[in-house]
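Undergrad:
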Amino acid sequence: MLVILAITNWGRGQRESFTALWFWLIFVTLLGPVAIARIDAIAVALALLGLAALVRKKLFLATALFTAGAWIKIWPFVLVLSSFLAEKSKRAVALSASLVVSAIVLIALALGAGPNLFSFISTQVGRGIQIEAPIALPWLWLAKLGIGDSAIYFDEEIITNQISGTGSTIVANLMTPIMFFALAITAILGVRAYLAGSDRTVIFSAVALTGVLDLIVFNKVGSPQFMAWLAVPVCAWIIFKLPKAKSLVTAVLVLALLTGLIYPVFYIDFINLGEIGLVVVTIRNLLLIALLVWANIQLGNLAKKPIRNSAATESSELV
1 MLVILAITNW
11 GRGQRESFTA
21 LWFWLIFVTL
31 LGPVAIARID
41 AIAVALALLG
51 LAALVRKKLF
61 LATALFTAGA
71 WIKIWPFVLV
81 LSSFLAEKSK
91 RAVALSASLV
101 VSAIVLIALA
111 LGAGPNLFSF
121 ISTQVGRGIQ
131 IEAPIALPWL
141 WLAKLGIGDS
151 AIYFDEEIIT
161 NQISGTGSTI
171 VANLMTPIMF
181 FALAITAILG
191 VRAYLAGSDR
201 TVIFSAVALT
211 GVLDLIVFNK
221 VGSPQFMAWL
231 AVPVCAWIIF
241 KLPKAKSLVT
251 AVLVLALLTG
261 LIYPVFYIDF
271 INLGEIGLVV
281 VTIRNLLLIA
291 LLVWANIQLG
301 NLAKKPIRNS
311 AATESSELV
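Going by full-length UniProt numbering, the letters in the sequence shown line up with residues 1 to 319, in that order.
Rendered as structure tokens:
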């Protein structure tokens, strides 16, 4: 309820704020139980509250909320990065993020969480490729066609289904460095857009969308709740009236629908390499890759054709 009130400025917002709200509600409905039943939902809520603060030009508060969300699930750090790249007051972003991180670390240490403080990083390193991840597609189809030694197995330690097969371990170890390399490219494109003079809200939205897609497409963990992360940059895209918003909204709603079909509807069929489940996963993952390419093109174009007189500036009180 607090998120709804924040997005719509307590019911006083203009049309774009209500459009973003309706998008989010439809998105959550299509995505299904994972949109609200996992801890990612808390991070998404904090990120949406941060977005509401950002468009009111409350940069310090927005960064604090983004940073707090990143300690629940790491992905909102992309929103902190987006704010840092887009805003002129970079010191405010850095200070806010530093204060929140320091406070969280001190509280965690006081509660005796020292050894596990950065466990979210260490646990990622040893994982294999989860079957829903886009990079899993080659091994899934090899297993389906009975080619080579590719197969699905259940990892009892982390309680998830992963793929095995020739080269899968090597690729799994490479995915995290590749993901950070992709984020570095996104950051460089964001810097170029900033130097070209694009509006801050345009840069924020484009970097946020591209960065979140980097974290999904190049992630060896492909949990269905990861799709919920897309809600925040898409809401920003709508509120700030960026070009091609309808195309983006349509694509992301289709992604939510396909993900909701993968889990829980066709999940049993999928883990047994059934045709329906495998085809749905394939279409969803190919659409994710296509959307990432599209997002990179939009972000890259900001350096060539900067959007200076953004509707976002005019609509800074929309939410």
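For every residue, glycine included, the Cβ atom is placed at its ideal position computed from N, Cα and C. Computed from a predicted structure; not experimentally measured.
1) When you compare only the Cα positions, how much space is there between Gly-277 and Ala-290?
2) Throw me the rounded Cβ distance for the Leu-85 and Val-191 pair, which I believe falls under 8 Å.
3) CA-CA distance, Thr-313 and Ala-53?
4) Taking 7 Å as the threshold (C-beta atoms), are Ser-82 and Thr-63 in contact?
5) Where do the N-terminal and C-terminal ends of the beta strand (DSSP E) with Thr-210 fall, by residue?
6) Between Ala-143 and the rest of its own chain, which residues show a CB-CB distance below 8 Å, the 5 nearest in sequence each way excluded?
7) Does Ser-98 come out as helix, strand or coil in the three-state DSSP assignment?
8) Leaving out five residues on either side along the sequence, give the residues of the same chain with a beta carbon under 7 Å from the beta carbon of Leu-30.
9) Is Ile-107 helix, strand or coil by DSSP?
10) In this structure, does DSSP put Gln-130 in helix, strand or coil?
11) For the structure I just gave you, are there three or more beta carbon pairs, one from the segment 29-48 and one from the segment 220-236, closer than 8 Å?
12) Could you say which of Ile-238, Gly-197, Leu-287 and Leu-189 lies nearest to Ile-216 if we only look at CA atoms?
13) Assuming contact is defined by CB atoms lying nearer than 7 Å, are Phe-66 and Val-44 in contact in what I supplied?
14) Three Cβ pairs or more, each shorter than 8 Å: is that satisfied between the segment 127-138 and the segment 100-109?
15) Just verifying my parser: in three-state terms, what is the DSSP assignment at Asp-149?
16) Thinking C-beta only, is Ala-6 closer than 7 Å to Ala-61?
17) Grouping DSSP H, G and I as helix and E and B as strand, with all else coil, what is Phe-266?
18) Confirm, please, whether the CB-CB distance from Ala-208 to Pro-233 is below 7 Å.
19) Report the start-end ranges of each alpha helix (DSSP H) in the segment 264-304 that is 4 residues or longer and not cut off at the edges.
20) Assuming contact is defined by CB atoms lying nearer than 7 Å, are Ser-205 and Ala-251 in contact in what I supplied?
21) Is Pro-306 near Ser-198, with beta carbons less than 7 Å apart?
22) Are Leu-59 and Ala-92 touching if we call contact CB-CB under 7 Å?
23) Per DSSP, Ile-163 forms a beta bridge with which residues?
TA: Per the coordinate set shown:
1) 20 Å
2) 6 Å
3) With a pLDDT of 46 at Thr-313, under the threshold of 50, the predicted position of this residue should be treated as unreliable, and no value is reported.
4) no
5) Premise fails: Thr-210 lies in the alpha helix (DSSP H), 200-217, not in any beta strand (DSSP E).
6) Ser-150, Ala-151, Ile-152, Ile-163, Gly-165 and Leu-273
7) helix
8) Leu-253, Ala-256, Leu-257 and Gly-260
9) helix
10) strand
11) yes
12) Leu-287
13) no
14) no
15) coil
16) The residue asked about is misnamed: residue 61 is Leu in this sequence, not Ala. No, these two residues do not count as a Cβ contact at 7 Å.
17) coil
18) yes
19) 267-271 and 275-304
20) no
21) yes
22) yes
23) Ile-129 and Ile-152
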